[in-house]
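Enquirer: I am attaching a structure below and will ask some questions about it afterwards.
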Amino acid sequence: MGILSRLAPCMVTWYAVVTGANRGIGLEICRQLASNGIVVLLTSRDEKRGLEAVQNLVSSGLSHGLVVFHQLDVVDPDSIASLAEFIKSQFGKLDILPDGVQVSWNELARQEIDLTEKCLDTNYYAAKRMVEALLPLLASSDSARIVNVSSGMGYLQLCLNSEVLCLILFRKFQVNGQKEYYENLCEERIDEVVNKFLNDLKEDKLEENGWPIHCSAYTISKAALNAYTRILYPSFRVNCVCPGFCKTDMTNNVGMLTAAQGAEYPVRLALLPSDGPSGCFFVQKEICNFLTIFTFFTFSTLLYRIYKK
């Protein structure tokens, strides 16, 4: 029995759009969603590779009617608008949006302005543009859900120095003589963080101002995406997930999990029941807490420093 039949037996037809889906985790998300009877719109910037990916899925036994291709360049607003119009005319609604387009770590080992801007545009701003364009279609669904494929590297509270975090993402005030921090997130404040990071990079002040110095663009782009997810969740069932260290082109095929294994986690969130969690950050199946990420990053930072020596 498929996941969909167990979790949502009342739903007749669900429609999903998967970005960056011609390979890796995106392709496996398409395979697993379609295997659960969901009509999947597989998107890719490269039309030839996207069509080949659809053919490969059909050849593996999936029904041709469950996997449809549409070209999409997530950094091109006109391309996103074309996709939205296609969905509206063909499906009339959108139920699932797993967003997984990413700029590779390999490109980000060098702290170059153009690569940093590309990373921020692809990993953060493009995700926002997709949601904004598809919002009316998601609103037409009885149970819309968005799954942002993110990373533990973008855990919000560890990406910024405390002063910047309190100033821009949180409001600070005194309660019984103790400092308390309450979330006051909005899009404008997240964008301020991203712009401040970019300005500090241009002025060679990352380390001085407390920003990450290893894969910093990737880290900040994912932190911004995680924060944006928190803003969206009152309206839809929205979650972020880190699928783990997977063997894909992005990691030079080095990792602990296959792409298929990594895809299981965003698919699980895409198919949560209507009363499932929302506005959460998952590491695989577990909702993440500060201590878990702190321990992971402390260990990772130590390894990185030892390796540098």
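The sequence shown begins at 245 in my numbering and counts up by one.
Cβ atoms here follow ideal geometry from the backbone N, Cα and C, with glycine treated the same way.
Computed from a predicted structure; not experimentally measured.
(1) Between the beta-carbon of Asp339 and the beta-carbon of Ala260, is there less than 8 Å?
(2) Would you mind sorting Gly305 into buried or exposed? The rule is 16 or more other CB atoms within 10 Å of its CB.
(3) Helix or strand or just coil, what does DSSP make of Ser303?
(4) What does the alpha-carbon distance come out to for the pair Tyr368 and Ser465?
(5) Along the chain, where does the alpha helix (DSSP H) containing Gln276 start, and where does it finish?
(6) Bridge partners of Ala260, per DSSP?
(7) Which residues in the same chain have their Cβ closer than 6 Å to the Cβ of Ser384, if we skip the five residues on either side of it in sequence?
(8) Can you tell me where the alpha helix (DSSP H) with Phe489 in it begins and where it stops?
(9) With a threshold of 7 Å on Cβ separation, who are the neighbours of Tyr477 within its own chain once the five nearest residues in sequence on each side are excluded?
(10) Can you tell me the Cα-Cα spacing of Val297 and Leu286, whole angstroms?
(11) Considering only C-alpha positions, which residue in the set Val312, Ile357 and Leu382 is nearest to Leu301?
(12) Suppose the cutoff is 6 Å on Cβ atoms and the five residues either side in sequence are ignored; what does the same chain contact list for Leu516 look like?
(13) In this structure, does DSSP put Phe526 in helix, strand or coil?
(14) State the Cα-Cα distance for the pair Pro269 and Pro510, rounded to the nearest angstrom.
(15) In or out: Thr257 buried (at least 16 other Cβ within 10 Å) or exposed?
(16) Residues in its own chain within less than 8 Å of Arg293 by CB, not counting five upstream and five downstream?
(17) Could you give the DSSP three-state label for Ile531: helix, strand or coil?
(18) Please go through the region 442 to 478 and give each complete alpha helix (DSSP H) segment of 4 or more residues, from N-terminal end onward.
(19) Measure the alpha-carbon distance for Ala325 versus Ser288 and round it to whole angstroms.
(20) Would you report the Cα separation of Ile282 and Arg275, rounded to the nearest angstrom?
(21) For the candidate residues Leu450, Val391 and Ser460, whose alpha-carbon lies nearest to that of Leu341?
(22) Quick one: what's Leu501 bridged to in DSSP?
(23) Report yes if the C-beta distance between Val485 and Phe526 is below 8 Å; otherwise report no.
(24) Whole angstroms is fine: what's the gap from Asp519's alpha carbon to Asn497's?
(25) Are the CB atoms of Phe480 and Ala388 within a distance shorter than 8 Å?
(26) Terminal residues of the continuous beta strand (DSSP E) containing Phe330?
(27) In the DSSP assignment, the beta strand (DSSP E) including Val312 goes from what residue to what residue?
(28) If we ignore side chains and look at the alpha-carbon of each, how far apart do Leu382 and Ala278 end up?
(29) May I have the straight-line CA-CA distance separating Leu379 from Glu356, to the nearest angstrom?
Expert: A quick look at the data gives this:
(1) Along the sequence shown, read from residue 1 onward, the residue named residue 339 stands at position 95. Along the sequence shown, read from residue 1 onward, the residue named residue 260 stands at position 16. In contact: Asp339 and Ala260 (Cβ atoms closer than 8 Å).
(2) Taking the first residue of the sequence shown as 1, we reach residue 305 at position 61. By the neighbour-count rule (16 or more Cβ atoms within 10 Å), Gly305 is not buried but exposed.
(3) Looking up residue 303 in the sequence shown gives position 59. In this structure, Ser303 counts as helix in the three-state DSSP scheme.
(4) Here residue 368 refers to the residue found at position 124 of the sequence shown. Here residue 465 refers to the residue found at position 221 of the sequence shown. Rounded to the nearest angstrom, the two C-alpha atoms are 5 Å apart.
(5) Against the sequence shown, residue 276 aligns to sequence position 32. That run of the alpha helix (DSSP H) goes Gly268 to Ser279.
(6) Locating residue 260 in the sequence shown gives position 16, counting from the first residue. According to DSSP, which records beta bridges pairwise, Ala260 is partnered with Val284 and Ile340.
(7) To locate residue 384, count along the sequence shown from 1; it is residue 140. Taken in chain order, the residues that qualify are Lys337.
(8) For the purposes of this step, residue 489 is taken as the residue at position 245 of the sequence shown. Taken as a continuous stretch (DSSP letters only), Phe489 belongs to no alpha helix (DSSP H), as it is neither H nor E.
(9) Position 233 of the sequence shown, counted from the start, is the residue given in the question as residue 477. Cβ neighbours of Tyr477 beyond the five flanking positions: Ser522 and Gly523.
(10) The residue given as residue 297 occupies position 53 in the sequence shown. The residue given as residue 286 occupies position 42 in the sequence shown. Here residue 297 turns out to be Ala, not Val, going by the sequence shown. Near 8 Å, if we compare the C-alpha coordinates of Leu286 and Ala297.
(11) Position 57 of the sequence shown, counting from 1, holds the residue named residue 301. Here the closest residue by C-alpha is Val312.
(12) Taking the first residue of the sequence shown as 1, we reach residue 516 at position 272. The answer is none, since no qualifying residue turns up.
(13) Along the sequence shown, read from residue 1 onward, the residue named residue 526 stands at position 282. Three-state result, Phe526: strand.
(14) Translated into positions along the sequence shown, residue 269 becomes position 25. Translated into positions along the sequence shown, residue 510 becomes position 266. According to the sequence provided, residue 269 is Ile. The question's Pro does not apply to it. Going from the Cα of Ile269 to the Cα of Pro510 covers about 9 Å.
(15) Taking the sequence shown and counting its residues from 1, one reaches residue 257 at position 13. Counting Cβ neighbours within 10 Å, Thr257 comes out exposed, since fewer than 16 surround it.
(16) The residue labelled residue 293 in the question sits at position 49 within the sequence shown. Here the set comprises Asn266 and Arg267.
(17) Walking along the sequence shown from the start, residue 531 turns up at place 287. Here Ile531 sits in strand by DSSP.
(18) 460 to 476
(19) The count along the sequence shown starts at 1 and reaches residue 325 at position 81. The count along the sequence shown starts at 1 and reaches residue 288 at position 44. If you take the alpha carbons of Ala325 and Ser288, they lie about 15 Å apart.
(20) On the sequence shown, position 38 is the one that residue 282 refers to. On the sequence shown, position 31 is the one that residue 275 refers to. In a straight line, the C-alpha of Ile282 is about 10 Å away from that of Arg275.
(21) The count along the sequence shown starts at 1 and reaches residue 341 at position 97. Considering only alpha carbons, the answer is Val391.
(22) For the purposes of this step, residue 501 is identified with residue 257 of the sequence shown, where counting begins at 1. Looking at the DSSP assignment, Leu501 forms a beta bridge with Cys490.
(23) The residue given as residue 485 occupies position 241 in the sequence shown. The residue given as residue 526 occupies position 282 in the sequence shown. Closer than 8 Å, so yes.
(24) Taking the sequence shown and counting its residues from 1, the one referred to as residue 519 is at position 275. Taking the sequence shown and counting its residues from 1, the one referred to as residue 497 is at position 253. Between Asp519 and Asn497, the C-alpha separation is close to 36 Å.
(25) Counting from 1 along the sequence shown, the entry for residue 388 is found at position 144. Counting from 1 along the sequence shown, the entry for residue 480 is found at position 236. It is a contact, given that the beta carbons lie within the stated cut-off.
(26) Numbered from its first residue, the sequence shown carries residue 330 at position 86. Unbroken run through Phe330 is the alpha helix (DSSP H), Pro321 to Gln334; no beta strand (DSSP E).
(27) For the purposes of this step, residue 312 is identified with residue 68 of the sequence shown, where counting begins at 1. Where Val312 is concerned, the enclosing beta strand (DSSP E) stretches over Val311 to Gln315.
(28) In the sequence shown, residue 382 corresponds to position 138, counting from 1. In the sequence shown, residue 278 corresponds to position 34, counting from 1. Cα to Cα, Leu382 sits roughly 19 Å from Ala278.
(29) The residue labelled residue 379 in the question sits at position 135 within the sequence shown. The residue labelled residue 356 in the question sits at position 112 within the sequence shown. Approximately 34 Å, taken between the alpha carbons.
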